[in-house]
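Please read the structure below before turning to the comments.
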Amino acid sequence: MAKITHNIHSIDGLDILYPGHKVVPYILEEGQHDLTLIDTCYIEELPKLVSYVNNNGYKMQDIRRIILTHLHSDHAQAANEIKKLTMSSADSKSGTSSGNDGATIYAHWIDSAFLSHSPIYHGPPDINIYRQLFQKFGIREEDVIKEFKKLNVDPIQVDKQVKDGDFIKSLKVVHTPGHTPGHISLIPEDQKLLFGADVLWNSAQEGGLVIPPSYFTLDMVTARVSVMRVSQLNFDKLLLGHQDELILENAQEKVQSAMKNMKHRV
Ligand SMILES: [Zn+2]
1034 MAKITHNIHS
1044 IDGLDILYPG
1054 HKVVPYILEE
1064 GQHDLTLIDT
1074 CYIEELPKLV
1084 SYVNNNGYKM
1094 QDIRRIILTH
1104 LHSDHAQAAN
1114 EIKKLTMSSA
1124 DSKSGTSSGN
1134 DGATIYAHWI
1144 DSAFLSHSPI
1154 YHGPPDINIY
1164 RQLFQKFGIR
1174 EEDVIKEFKK
1184 LNVDPIQVDK
1194 QVKDGDFIKS
1204 LKVVHTPGHT
1214 PGHISLIPED
1224 QKLLFGADVL
1234 WNSAQEGGLV
1244 IPPSYFTLDM
1254 VTARVSVMRV
1264 SQLNFDKLLL
1274 GHQDELILEN
1284 AQEKVQSAMK
1294 NMKHRV
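And the structure:
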């Protein structure tokens, strides 16, 4: 876990299906024993997330809010399991609830519907896309299944559905559709910082900031408009869901110049 600002940490080292790639959830301290978790991970990676939290002097029960920036499995799969851990009392190994309801799960109202499987989401990536990518990267599907057990997300009941402009404690919701229909970014009201999730990836291989490709993004044109929109927001630091490097200064300018150089790609 890396401390990024006085009250924001990244949780690093959480694997996704593609070797060498990670997903980065973030923790925002809203107060003592009052944490917001932005995104989760694959269930099989959850022990790593729990030990990050515990090794930094927190308990899972300190997580009061779980915000899912979008419905993709690498960001959302462990949400139900994390919620359960936030309910159980510290000394109980029985898994029974200590009486509190656990963390509140938040997501945009559009992705909330898909997260509850009503309706089922048919956007990318589907199993055929995964198979193409496994082939491309020389990965055996059975090895992935062995490691991650499953690729899909079980139904998640979102407790509070949000829309553009809403606040979740100190975080302002910015609807940034395209990657998924209800993808959101978040801005803490007291810091010049943007949690961009998958609005962009920062990929060394791709030469910096890029829109996630169409095998992960539902609508490339809308995704581009969302990047245009966030490029007008006032922020110095950009924290993404997938990044080879943190952008901790001049982030807005970097997004604007990436926009200019961005070719329309599919
Ligand atoms: Zn995604």
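For the sequence shown, this note's numbering gives the first residue as 1034, with consecutive numbering after it.
Yeah, the Cβ is synthetic: ideal placement off N, Cα and C, and Gly gets one too.
Which residue from the options puts its Cα closest to that of residue i?
i: Ser-1145; options: Gln-1265, Lys-1196 and Leu-1272; result: Lys-1196
i: Glu-1063; options: Ala-1140, Ile-1041, Val-1056 and Ile-1143; result: Ile-1041
i: His-1208; options: Thr-1038, Val-1260, Lys-1183 and Arg-1164; result: Val-1260
i: Phe-1268; options: Asn-1283, Gly-1274, Arg-1262 and Leu-1279; result: Asn-1283
i: Asn-1185; options: Gln-1110, Arg-1097, Lys-1117 and Ile-1220; result: Gln-1110
i: His-1054; options: Ile-1099, Asn-1133 and Asn-1235; result: Asn-1235
i: Tyr-1248; options: Lys-1036, Ala-1035, Leu-1061 and Pro-1157; result: Pro-1157
i: Ser-1106; options: Thr-1137, Asn-1088, Met-1093 and Pro-1058; result: Pro-1058
i: Asn-1133; options: Val-1191, Ile-1096 and Gln-1224; result: Ile-1096
i: Thr-1250; options: Thr-1213, Glu-1278, Asp-1277 and Ala-1237; result: Thr-1213
i: Tyr-1085; options: Met-1120, Lys-1036, Asp-1067 and Glu-1114; result: Lys-1036
i: Phe-1181; options: Gly-1240, Cys-1074 and Gln-1238; result: Cys-1074
i: Asp-1067; options: Asp-1159, Gly-1198, Lys-1081 and Lys-1092; result: Lys-1092
i: Ser-1264; options: Gln-1168, Gln-1285 and Asn-1161; result: Gln-1285
i: Gly-1240; options: Arg-1262, Asn-1087 and Glu-1278; result: Glu-1278
i: Gln-1190; options: Met-1295, Lys-1081, Pro-1080 and Asn-1113; result: Asn-1113
i: Ser-1043; options: Gln-1276, Val-1254, Met-1295 and Ala-1291; result: Gln-1276
i: Ile-1162; options: Pro-1152, Glu-1174 and Thr-1119; result: Glu-1174
i: Gln-1094; options: Asn-1088, Leu-1281, Gln-1065 and Gly-1135; result: Gly-1135
i: Arg-1257; options: Phe-1167, Leu-1281, Ala-1291 and Gln-1238; result: Ala-1291
i: Pro-1246; options: Met-1295, Pro-1152, Ile-1153 and Met-1120; result: Met-1295
i: Arg-1262; options: Leu-1219, Ala-1237, Leu-1281 and Gln-1238; result: Leu-1219
Quick check: residue i and residue j, are their CB atoms within less than 9 Å of each other?
i: Ile-1201; j: Thr-1069; result: yes
i: Phe-1228; j: Leu-1266; result: no
i: Gly-1211; j: Val-1243; result: no
i: His-1155; j: Pro-1188; result: no
i: Leu-1271; j: Lys-1293; result: no
i: Asp-1045; j: Glu-1078; result: no
i: Asp-1072; j: His-1039; result: no
i: Phe-1147; j: Tyr-1051; result: no
i: Lys-1116; j: Ile-1099; result: yes
i: Val-1206; j: His-1103; result: no
i: Pro-1221; j: Leu-1101; result: no
i: Ile-1143; j: Gly-1090; result: no
i: His-1076; j: Lys-1225; result: Note that residue 1076 is Ile in the sequence shown, not His. Going by C-beta atoms, Ile-1076 is not nearer than 9 Å to Lys-1225.
i: Gly-1274; j: Val-1056; result: yes
i: Ile-1138; j: Asp-1199; result: no
Within the present structure, is the beta-carbon of residue i separated from the nearest heavy atom of ligand 3 by less than 8 Å?
i: His-1155; result: With respect to small molecules bound, the structure shown includes ligand 1 and not ligand 3.
Closer than 7 Å between the C-beta and any heavy atom of ligand 1: which residues qualify, listed along the chain? His-1103, His-1105, Asp-1107, His-1108, His-1212, Thr-1213, Asp-1231, Pro-1245, Phe-1249 and Gly-1274
Q. Which runs of the beta strand (DSSP E) spanning at least 3 residues fall entirely within the segment 1064 to 1104, listed in chain order?
A. Complete beta strand (DSSP E) runs here, min 3: 1067 to 1071 and 1096 to 1100.
Practice item. Just list the beta strand (DSSP E) runs in the segment 1197 to 1231, keeping only unbroken ones of 3 residues or longer that don't cross its boundaries, in chain order. Key: 1204 to 1208, 1217 to 1221 and 1226 to 1230
Could you tell me which uninterrupted beta strand (DSSP E) segments, each at least 3 residues in length, are contained entirely in the segment 1227 to 1293, listed from first to last along the chain?
Counting whole runs of 3 or more residues, the segment 1227 to 1293 contains the beta strand (DSSP E) stretches 1234 to 1236, 1241 to 1243 and 1270 to 1273.
* Any chance you could list the alpha helix (DSSP H) runs of at least 4 consecutive residues sitting entirely within the segment 1159 to 1192, in chain order? => 1160 to 1170 and 1174 to 1181
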